[in-house]
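Q: Those letters in the sequence shown? Residues 1 to 141, per my numbering, in order. The structure is given below, and queries will be raised subsequently.
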Amino acid sequence: MDDGLRVTDRWVVPSAELRERFSRSSGPGGQGVNTTDSRVELSFDLAGTASLAPALRARALDRLAGRLVDGVLTVAASEHRAQLANREAARERLAALLREAVAPPPAPRRPTRPSRGAKERRLADKKRQSQRKRDRRVDGD
């Protein structure tokens, strides 16, 4: 854990930029849940980081705007009984969030039209279906 948090092949968040806070968890743990600080809150100052290129930082800030508080992204984990397992879960969750935030935007959609054959098949199926339903009808005469 000393080498930092690997987000992508090229981006590693230094451990000095991560802040961990521990508190009592409401999750599993039996009677020990009342005495151990197994819940982990992992915070990362996205707005003030120097480990990310400015263009990628702007993209991440834009995409994570709803989750940031004063430019700081915080992730909590309390699903495990052990503090170490919760630390790993929080690190994985933060890395996944950051990886998704800095990913390049998808290629723009190129609008297409249905082919002539596809239109004809659709209309033929509609005619076949309507004929089938017409044949099921019982005339009142």
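Glycine residues also receive a C-beta, built at the ideal position from the N, C-alpha and C atoms. Bear in mind that the values here come from a model prediction, so they are computed numbers and not experimental data.
Going by CA-CA distance only, name the one from Leu97, Ala47, Arg39, Arg24 that's closest to Glu17.
A: As a first step, residue 17 must be located in the sequence shown, where it is residue number 17. Out of Leu97, Ala47, Arg39, Arg24, Ala47 has the C-alpha closest to the C-alpha of Glu17.
Q: Which residues does DSSP pair with Asp45 in a beta bridge?
A: Numbered from 1 along the sequence shown, position 45 holds the residue referred to as residue 45. Looking at the DSSP assignment, Asp45 forms a beta bridge with Val72.
Q: Specify, as a first and last residue, the run of the alpha helix (DSSP H) that Arg121 falls within.
A: If you number the sequence shown from 1, residue 121 lands on position 121. Element bounds for Arg121: 116 to 136.
Q: Let me know the secondary structure DSSP gives Ala107 once reduced to three states.
A: The sequence position of residue 107 within the sequence shown is 107, counting from 1. Ala107: coil per DSSP, three-state reduction.
Q: Where does Glu100 fall in DSSP's three states?
A: Residue numbering aside, residue 100 sits at position 100 when the sequence shown is read from its first letter. Glu100 falls in the helix class under three-state DSSP.
Q: Taking the alpha-carbon of Leu52 as reference, which of Leu84, Val13, Lys126 has the nearest alpha-carbon?
A: Within the sequence shown, numbered from 1, the residue matching residue 52 stands at position 52. The candidate whose alpha carbon is nearest that of Leu52 is Val13.
Q: Quick one: what's got a C-beta closer than 8 angstroms to Asp70's C-beta in the same chain, skipping five residues either side?
A: Looking up residue 70 in the sequence shown gives position 70. Result list for Asp70: Ala47, in chain order.
Q: At the level of alpha carbons, what is the spacing between Arg39 and Val72?
A: Residue 39 sits at position 39 when you count from the first residue of the sequence shown. Residue 72 sits at position 72 when you count from the first residue of the sequence shown. C-alpha separation (whole angstroms): 19 angstroms.
Q: Do three or more CB pairs link the segment 53 to 63 to the segment 78 to 89 at distances below 8 angstroms?
A: Because the criterion of three Cβ pairs below 8 angstroms is not met, the segment 53 to 63 and the segment 78 to 89 do not touch.
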